[in-house]
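Chemist:
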Amino acid sequence: MISIGNIYALFFHTLSMPLFDSTLIHCLILGSGFGIINFLLANWYMAKNAQIKRDNESLKSKVYGDDLTGLLNRKALELECNNFNNQVFSVLFVDVDDFRMYNNRYGHKSGDRVLHQVGDVIRAIIRSGDNAYRYGGEEIVVLLKDCEKINALQIAEKIRVQVSRIDNTPYPPITISLGVASCPEDGHSIQDVLEKSDSALLLAKRLGKNRTLAFDG
Numbered sequence: 317m318i319s320i321g322n323i324y325a326l327f328f329h330t331l332s333m334p335l336f337d338s339t340l341i342h343c344l345i346l347g348s349g350f351g352i353i354n355f356l357l358a359n360w361y362m363a364k365n366a367q368i369k370r371d372n373e374s375l376k377s378k379v380y381g382d383d384l385t386g387l388l389n390r391k392a393l394e395l396e397c398n399n400f401n402n403q404v405f406s407v408l409f410v411d412v413d414d415f416r417m418y419n420n421r422y423g424h425k426s427g428d429r430v431l432h433q434v435g436d437v438i439r440a441i442i443r444s445g446d447n448a449y450r451y452g453g454e455e456i457v458v459l460l461k462d463c464e465k466i467n468a469l470q471i472a473e474k475i476r477v478q479v480s481r482i483d484n485t486p487y488p489p490i491t492i493s494l495g496v497a498s499c500p501e502d503g504h505s506i507q508d509v510l511e512k513s514d515s516a517l518l519l520a521k522r523l524g525k526n527r528t529l530a531f532d533g
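Quick note on numbering: the sequence shown equals residues 317 to 533 in my numbering.
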């Protein structure tokens, strides 16, 4: 920007010589001054813009994030449903087994720690383009974009196994059940596929829990 200022000063000097009695060095100093000011203003603007972006991200995290699990919340899922247009995707419906009983026996603080640990496992395993949402209580929904059912089952099973390996001493081991459904074979909207994955989850619970089950209509 200083160079641009010098060029501007030279140009201004050439045009203004017939009208003003000034020297070339004065114009160069003037141009440098303009360049420095422009440089400082540009840096201030970029820093201000970066701060605004950070503030917006922080606000977005507060509105759409779940503090306990570190995942997104149900409001974020509803927003995703309204704007989602992927042709191929899968949904995992995750539920912590016997969580209500666990909460009643060992306390809400211990239950909160379980949800946080499960959230950590899910975030560590899903891909960068996928999202996980705390749907309510101990229920978590995972949206896998551009993911066919066979791959979704592999991801779901990896999550289940990894959760079962969490060291929850001195409390009982943590297990989860998962229902899996996919588009287009099980539905064409997130809501359709979500309902099918919920049905698969309920069946997994009835069959003994701590398992992954795909919807089979």
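All C-beta atoms in this analysis are idealised placements derived from N, C-alpha and C, irrespective of residue type, glycine included.
All of these numbers come straight from a predicted model, not from anything done at the bench.
1. Would you check if the stretch 405 to 419 and the stretch 456 to 466 touch, i.e. whether three or more CB-CB distances between them fall below 8 Å?
2. Rounded to a whole number of angstroms, what is the C-alpha to C-alpha distance between arginine 421 and isoleucine 492?
3. Closer than 7 Å to a non-hydrogen atom of the ligand COA - does that hold for the CB of valine 437?
4. Out of curiosity, what's the CA-to-CA distance linking glycine 533 and glycine 427?
5. Given this structure, state the Cα-to-Cα distance separating serine 515 from valine 379, to the nearest angstrom.
6. Which class does arginine 439 belong to by DSSP, given the choice of helix, strand or coil?
7. Please report the distance separating the alpha-carbon of leucine 393 from that of tyrosine 449.
8. Can you tell me which of the three DSSP states tyrosine 487 falls into?
9. Under the three-state reduction of DSSP, which class applies to arginine 450: helix, strand or coil?
10. Grouping DSSP H, G and I as helix and E and B as strand, with all else coil, what is serine 444?
Modeler: Straight from the coordinates:
1. Cβ pair count under 8 Å is three or more, so yes.
2. Between arginine 421 and isoleucine 492, the alpha-carbon positions lie close to 18 Å from each other.
3. Looking for the ligand COA in the displayed structure turns up nothing, as the structure carries no ligands at all.
4. When rounded, the distance between both Cα atoms is 34 Å.
5. Whole-angstrom Cα-Cα distance: 29 Å.
6. It is helical.
7. Looking at the two C-alpha atoms, the distance is approximately 7 Å.
8. If DSSP states are grouped into helix, strand and coil, tyrosine 487 belongs with coil.
9. Looking at arginine 450 - three-state DSSP - the assignment turns out to be strand.
10. In the structure shown, serine 444 sits in coil (DSSP, three-state: anything other than H, G, I, E or B).
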